[in-house]
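Protein chains: 4
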Amino acid sequence: MTPFCQEENMGKTVLTVGNVKIGGGNFAIIAGPCSVESEKQILQIANAVKEAGANILRGGAYKPRTSPYAFQGMKEEGIRLLLLAKEATKMPIISEITDIRTLELFENIDIIQVGARNMQNFDLLQELGKTKKAILLKRGLANTLQELLLSAEYIISQGNENVILCERGIRTYETYTRNTLDLSAVPVLHELSKLPVIVDPSHATGKASLVPPMAYAATACGADGIMIEVHTDPECALCDGEQSLTPEQFEKLCKQVSMIRKTFH
Amino acid sequence: MTPFCQEENMGKTVLTVGNVKIGGGNFAIIAGPCSVESEKQILQIANAVKEAGANILRGGAYKPRTSPYAFQGMKEEGIRLLLLAKEATKMPIISEITDIRTLELFENIDIIQVGARNMQNFDLLQELGKTKKAILLKRGLANTLQELLLSAEYIISQGNENVILCERGIRTYETYTRNTLDLSAVPVLHELSKLPVIVDPSHATGKASLVPPMAYAATACGADGIMIEVHTDPECALCDGEQSLTPEQFEKLCKQVSMIRKTFH
Amino acid sequence: MTPFCQEENMGKTVLTVGNVKIGGGNFAIIAGPCSVESEKQILQIANAVKEAGANILRGGAYKPRTSPYAFQGMKEEGIRLLLLAKEATKMPIISEITDIRTLELFENIDIIQVGARNMQNFDLLQELGKTKKAILLKRGLANTLQELLLSAEYIISQGNENVILCERGIRTYETYTRNTLDLSAVPVLHELSKLPVIVDPSHATGKASLVPPMAYAATACGADGIMIEVHTDPECALCDGEQSLTPEQFEKLCKQVSMIRKTFH
Amino acid sequence: MTPFCQEENMGKTVLTVGNVKIGGGNFAIIAGPCSVESEKQILQIANAVKEAGANILRGGAYKPRTSPYAFQGMKEEGIRLLLLAKEATKMPIISEITDIRTLELFENIDIIQVGARNMQNFDLLQELGKTKKAILLKRGLANTLQELLLSAEYIISQGNENVILCERGIRTYETYTRNTLDLSAVPVLHELSKLPVIVDPSHATGKASLVPPMAYAATACGADGIMIEVHTDPECALCDGEQSLTPEQFEKLCKQVSMIRKTFH
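Those protein sequences? They're chains E, X, V and B, same order as listed.
Start counting at 1 in the first sequence, then tack on 375, and there's your number in the numbering used here.
Start counting at 1 in the second sequence, then tack on 375, and there's your number in the numbering used here.
Start counting at 1 in the third sequence, then tack on 375, and there's your number in the numbering used here.
Start counting at 1 in the fourth sequence, then tack on 375, and there's your number in the numbering used here.
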């Protein structure tokens with residue numbers, strides 16, 4: 376009955392990245408800025424989120440943006456800065472890949488993210504399936520859960536079973552939120568698959584004030600983790616500042632999440 | 376920060392129906408069958424849900440069905456049976472109206488429900504605005520939150536402020552669930568309005584196994600209550616049996632919901 | 376192969392309203408203002424659209440509006456003015472009903488329109504099914520074609536087979552147009568039903584510049600008619616001026632539609 | 376007023392591929408099988424569609440499929456067979472690319488197609504922007520017209536202005552058709568851009584019987600061309616047989632399209 380009970384977690388996929396386990400009753404708290412902006416910025420935020428309760432650091436180096444004239448990320452230099460933050464905090468790192476030709480740069484990145492726009496970039500998925508990397512696969516903007524699982528299968532069928540699914544909101548007619556967070560994806564994916572399921576309320580809602588309640592909801596319906604955008608200066612963020620929490624807000628969120636999880640044991 | 380903290384509830388609308396308060400930090404658990412089917416059925420379920428933790432009884436007498444050839448409800452006789460159950464259990468009753476010409480039959484029904492298909496039946500809303508009844512207004516299948524609030528305004532502008540909003544899933548391209556439950560509606564409506572917000576995970580998901588996790592999620596993101604379909608014999612229900620919980624499942628759900636609520640105090 | 380060929384029209388429903396036939400290879404051009412605003416306005420537009428090529432006059436008297444604070448139509452007085460225009464031009468009239476209690480006012484209105492928001496107001500549909508009136512039933516904002524046909528069945532099963540279906544755009548994530556005109560509805564409904572199918576490109580697109588190309592497209596895929604908003608002074612229209620054509624624009628549209636129709640004979 | 380009038384075509388982009396012009400009042404009829412299946416199949420279909428009225432041959436060699444276990448195309452061998460068909464018929468060829476690393480294989484392919492799933496694969500778009508190839512860019516399943524234009528900008532901003540836009544249906548709640556063909560995209564894209572706009576009714580509807588009416592509608596609202604799946608033996612096609620026309624059906628379609636186009640001159 377409860378999402379974290381031992382029986383339900385039997386047979387579930389458990390991934391280990393650095394000192395963190397994902398899936399099977401463990402809870403991942405992935406946090407960090409939308410984009411790496413400078414050495415100072417990523418180190419400051421990395422330390423802040425670690426202290427507040429995160430166990431994995433996120434940061435975008437390659438940013439797929441709707442317009443070619445928007446900030447596209449620090450790219451190779453961004454990866455280098457993320458690895459500095461990894462060394463400084465000992466946290467595992469997740470960052471997004473957009474082009475298979477950059478794969479070797481991700482050698483020391485712990486989790487490779489495939490973004491919503493690339494969920495059906497099957498050539499990319501198959502190449503990632505030939506590695507042993509942990510892959511976080513985000514649901515596409517208008518993809519069904521069945522399609523998400525079949526995209527995971529593109530990775531798994533090549534030999535790499537280290538796949539994490541991620542619900543990040545789907546596109547609907549509602550315009551008040553950036554996307555519509557489909558939390559029923561969490562129990563549905565748990566029914567259909569043994570893979571861990573992470574929820575990203577930051578991209579789903581696009582509004583900082585909605586991130587904590589949606590993070591609590593994700594926790595309560597059994598997600599294996601959450602991914603939260605945190606920035607020490609949201610108003611000056613180069614990307615997605617509106618949806619970023621401050622470290623203080625994030626710390627409160629982590630405490631509440633922890634209390635909700637305890638009610639299921 | 377927390378959905379139930381005292382400051383956040385200041386100024387919020389609190390309705391009183393029978394001995395139950397709705398809104399402003401109180402939590403409504405509305406439960407019962409999709410349709411009233413017989414005196415025995417409604418009395419049995421009413422007693423079961425009361426014992427399990429419900430504080431309001433639901434039951435459909437007038438059923439708007441997509442096809443004219445489907446079961447349309449027991450109508451006037453259904454209302455009579457609901458009132459028997461009210462007398463037997465002392466629980467307030469909620470039932471759906473579909474035609475303003477039946478209004479007088481609802482005299483002793485405590486909360487009148489306006490279903491998703493009638494959310495923009497403005498003539499019906501205005502007539503209900505001339506009463507003093509509590510009105511539960513369900514979000515339409517493809518209506519924005521802005522439109523839901525403007526439909527509430529059709530009732531309020533006639534003088535009746537006793538309006539409860541209800542999120543029950545919206546229509547998207549995803550077909551695995553019956554609808555897509557948009558839980559971000561809860562914090563958004565709380566930001567934009569002082570009205571209570573109830574969540575109906577039964578109609579939203581259409582699958583009994585998904586109802587408990589979505590009820591927990593609704594609780595965790597700050598809903599003022601939940602509405603759950605319960606049937607003592609789901610497989611023989613005349614309507615929506617697939618999404619009905621048994622009284623035993625419902626009791627477990629109520630206990631978990633209660634624990635989640637406590638984490639916010 | 377062609378939408379207007381004789382074989383395809385065998386067995387199709389043909390309605391007669393005044394001196395106009397609808398369905399079965401005939402083509403209805405319904406035009407007029409969104410709302411009746413004054414005697415002068417409706418008479419002026421009625422004459423203009425008749426001269427330009429319309430064979431049925433439209434005009435809203437009861438206007439269902441999202442906000443209770445928007446202009447709600449001239450109501451009973453609007454109906455009276457429409458009947459003056461009918462007398463003056465000898466054109467049959469179509470106008471929307473929103474409340475069954477006003478039915479007797481529609482005695483001399485030739486076609487009663489049920490708007491998108493009331494497509495699943497089943498009590499209203501059943502009452503209209505007890506009359507012999509021609510009923511134009513608009514597809515709801517988020518209703519499937521199957522649901523549209525079942526709503527038509529609510530009318531037909533009461534004994535009134537005089538139903539005209541209307542595609543007027545559905546709600547999607549695209550925001551550039553007011554709605555998304557789903558023209559495949561036309562051949563699909565013709566495959567599944569014998570009822571005439573009308574297309575309303577004005578409400579579907581919400582932009583005057585898009586109305587002619589969409590009217591041509593509707594004609595080319597086999598629609599039994601089109602419904603076009605025309606106003607002699609679009610910028611001052613009380614409702615939906617942005618999507619209204621001038622009589623001059625409408626006249627050009629009628630000529631082009633006529634040429635396209637001829638290619639199918 | 377008319378989509379093909381000389382004034383409206385002033386300043387529009389005109390591409391030349393082989394002996395065919397696209398855009399600016401010219402009309403492209405792209406036809407062929409979903410997938411290249413054998414030398415005999417592609418030569419037979421190529422000759423048939425040329426005779427029936429097509430001026431460009433389509434054929435898939437690399438097929439992005441939702442499931443990794445579905446037929447993925449003949450790949451390099453498929454490209455070789457397409458070039459045989461090009462030599463035999465002198466028609467320009469269009470085929471889809473899914474991985475930038477196969478670019479050199481497309482040297483003699485006249486138009487490179489970017490499919491709906493790759494519309495926001497920005498790295499692929501930028502690489503194609505460094506070539507001088509004609510690129511047909513399909514609208515993503517849930518992408519706005521604004522996003523389609525920004526994706527075109529990813530190609531153009533690298534120096535390649537030879538971009539053709541393609542509407543192929545969007546994902547909505549309607550399940551009767553495979554997708555919902557959004558024909559208003561045609562006049563909207565013509566208002567916002569000077570690029571040619573092609574319509575693909577085969578993928579949009581997923582049903583052969585709906586392809587002709589939607590092709591006529593596309594023509595009537597001003598499309599610069601259509602893309603039609605044709606197969607000599609639809610029931611045995613390895614991919615998408617349900618939506619394929621026979622050469623005979625396609626020939627009738629071409630004649631009707633031609634008649635509709637003439638009404639605009």
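Just so you know, even glycine gets a beta-carbon here, dropped at the ideal spot from N, CA and C.
At which residues does the alpha helix (DSSP H) containing Gly-600 of chain X begin and terminate?
-> No alpha helix (DSSP H) contains Gly-600 of chain X, which is instead part of the beta strand (DSSP E) from 600-604.
Chain X partners of Arg-514 of chain B, CB-CB under 9 angstroms?
-> None at all; the shortest Cβ gap to chain X is about 15 angstroms.
Taking DSSP as the reference, what is the three-state secondary structure of Asp-557 of chain E?
-> In the structure shown, Asp-557 of chain E sits in a strand (DSSP, three-state: E or B).
Residues that Ala-406 of chain X contacts on chain E, provided the C-beta gap is smaller than 9 angstroms | Within chain E, no C-beta atom comes nearer than 9 angstroms to that of Ala-406 of chain X; the closest sits roughly 17 angstroms away.
Can you find a C-beta in chain V that's less than 9 angstroms from the C-beta of Phe-497 of chain X?
-> Closer than 9 angstroms to some Cβ of chain V, the Cβ of Phe-497 of chain X qualifies, so yes.
For Ala-517 of chain X, decide whether its Cβ has a neighbour in chain V, counting only Cβ atoms nearer than 9 angstroms.
-> Cβ-Cβ to chain V under 9 angstroms: yes for Ala-517 of chain X.
From Val-574 of chain B to Val-395 of chain X, what distance separates their C-alpha atoms?
-> Computed Cα separation, rounded: 58 angstroms.
If you draw a straight line from the C-alpha of Ile-635 of chain B to the C-alpha of Gly-490 of chain E, how long is it?
-> Going by the C-alpha atoms only, they are around 44 angstroms apart.
N-terminal and C-terminal residue of the beta strand (DSSP E) that Glu-414 of chain E is part of | It is not in any beta strand (DSSP E) - Glu-414 of chain E instead sits in the alpha helix (DSSP H) that spans 414-427.
How long is the line joining the alpha carbons of Leu-432 of chain E and Pro-408 of chain V, rounded to whole angstroms?
-> When rounded, the distance between both Cα atoms is 59 angstroms.
Taking only the alpha-carbon atoms, compute the straight-line gap between Leu-556 of chain E and Gly-600 of chain E and give it to the nearest angstrom.
-> The straight-line gap separating the alpha-carbon atoms of Leu-556 of chain E and Gly-600 of chain E is approximately 15 angstroms.
So with Cβ pairs under 9 angstroms, would you call Leu-570 of chain X a contact of chain V?
-> For Leu-570 of chain X, not one C-beta of chain V is nearer than 9 angstroms to its own C-beta.
Segment contact, 8 angstroms Cβ cut-off, at least three pairs: the segment 571-589 of chain B with the segment 561-571 of chain V = A contact is defined here as three or more CB-CB pairs under 8 angstroms, and the segment 571-589 of chain B meets this definition with respect to the segment 561-571 of chain V.
Measuring only between beta-carbons, confirm whether Phe-625 of chain V sits less than 9 angstroms from chain B.
-> At a cut-off of 9 angstroms, the C-beta of Phe-625 of chain V has no neighbouring C-beta in chain B.
Should Pro-439 of chain B be flagged as near chain E, meaning a C-beta pair shorter than 9 angstroms?
-> When Cβ-Cβ separations below 9 angstroms define contact, Pro-439 of chain B makes contact with chain E.
Exposed or buried, what is His-640 of chain V when buried is set at 16 or more other beta-carbons lying within 10 Å of its beta-carbon?
-> Residue environment analysis places His-640 of chain V among the exposed positions, since fewer than 16 neighbouring C-beta atoms fall within 10 angstroms of its C-beta.
So, is Met-376 of chain V buried or exposed, given that buried needs 16 or more other C-beta atoms within 10 angstroms?
-> The pLDDT assigned to Met-376 of chain V is 34, lower than 50, so where the model puts this residue is not dependable, and the model offers no usable value.
Would you tell me roughly how many angstroms separate the C-alpha atoms of Val-424 of chain V and Leu-558 of chain V, rounded to the nearest one?
-> Straight through space, the alpha carbons of Leu-558 of chain V and Val-424 of chain V are spaced by roughly 24 angstroms.
Taking the C-alpha atoms as reference points, what is the distance between Gly-435 of chain E and Lys-387 of chain X?
-> Looking at the two C-alpha atoms, the distance is approximately 40 angstroms.
Residue nearest to Leu-499 of chain V in terms of C-alpha spacing, selected from V:Val-632, V:Asn-483, V:Thr-519, V:Leu-478 | Among V:Val-632, V:Asn-483, V:Thr-519, V:Leu-478, the Cα nearest to that of Leu-499 of chain V belongs to V:Leu-478.
Name the one or two DSSP bridge partners that Arg-323 of chain B has.
-> Outside the modelled stretch of chain B, which goes from 376 to 640, sits residue 323 of chain B, for which no answer is possible.
9 angstroms Cβ cutoff met for Val-572 of chain X and Gly-544 of chain X = It is not a contact, given that the beta carbons lie outside the stated cut-off.
Name the residue from V:Pro-443, V:Val-392, V:Ile-404, V:Ile-539 whose alpha carbon lies nearest to the alpha carbon of Ile-531 of chain X.
-> Per the Cα distances, V:Pro-443.
Indicate whether at least one CB of chain B lies closer than 9 angstroms to the CB of Ser-584 of chain V.
-> It does; some Cβ of chain B falls within 9 angstroms.
Using CA coordinates, which residue listed in E:Gly-616, E:Leu-512, E:Ala-592 is at the minimum distance from Cys-629 of chain E?
-> Answer by Cα proximity: E:Ala-592.
Out of V:Met-602, V:Glu-617, V:Glu-482, which has the shortest C-alpha to C-alpha gap to Pro-609 of chain V?
-> Of the candidates V:Met-602, V:Glu-617, V:Glu-482, the one whose C-alpha sits nearest the C-alpha of Pro-609 of chain V is V:Glu-617.
Nearest to Tyr-529 of chain E by alpha carbon, out of B:Glu-626, B:Phe-497, B:Glu-471, B:Arg-440?
-> Checked all of B:Glu-626, B:Phe-497, B:Glu-471, B:Arg-440; the closest Cα to Tyr-529 of chain E is B:Arg-440.
Indicate whether Gly-448 of chain B and Val-389 of chain B have their beta-carbon atoms separated by less than 9 angstroms.
-> No, Cβ-Cβ distance for Gly-448 of chain B and Val-389 of chain B is not below 9 angstroms.
Establish whether the CB of Arg-476 of chain B and some CB of chain E are separated by less than 9 angstroms.
-> By this cut-off, Arg-476 of chain B is an interface position.
Beta-carbon proximity list for Ile-420 of chain B, same chain, < 7 angstroms, skipping 5 on both sides = Contacts found: Gly-407, Pro-408, Val-605, His-606, Thr-607.
Taking all protein chains shown into account, decide if Ala-527 of chain B is buried (16 or more other Cβ within 10 angstroms of its Cβ) or exposed.
-> Flag for Ala-527 of chain B reads buried.
Which residues of chain V have a Cβ atom closer than 9 angstroms to the Cβ of Ile-545 of chain B, listed in chain order?
-> Near Ile-545 of chain B (Cβ distances below 9 angstroms), the residues of chain V are Thr-547, Tyr-548, Glu-549, Thr-555.
Is the Cβ of Gln-501 of chain V closer than 9 angstroms to any Cβ of chain C?
-> Looking for chain C here will not work: the only protein chains present are E, X, V and B.
Report back the beta-carbon spacing between His-578 of chain V and Arg-553 of chain V to the nearest angstrom; my notes put them in contact at under 8 angstroms.
-> Contact between His-578 of chain V and Arg-553 of chain V is confirmed by a C-beta separation of about 7 angstroms, below the 8 angstroms threshold.
In whole angstroms, what separates the C-alpha of Glu-549 of chain V from that of Ala-517 of chain V?
-> Those two C-alpha atoms are separated by around 14 angstroms.
Paired residues, beta bridge with Ser-410 of chain E - DSSP | In the DSSP output, where bridge partners are listed per residue, Ser-410 of chain E has E:Gly-435.
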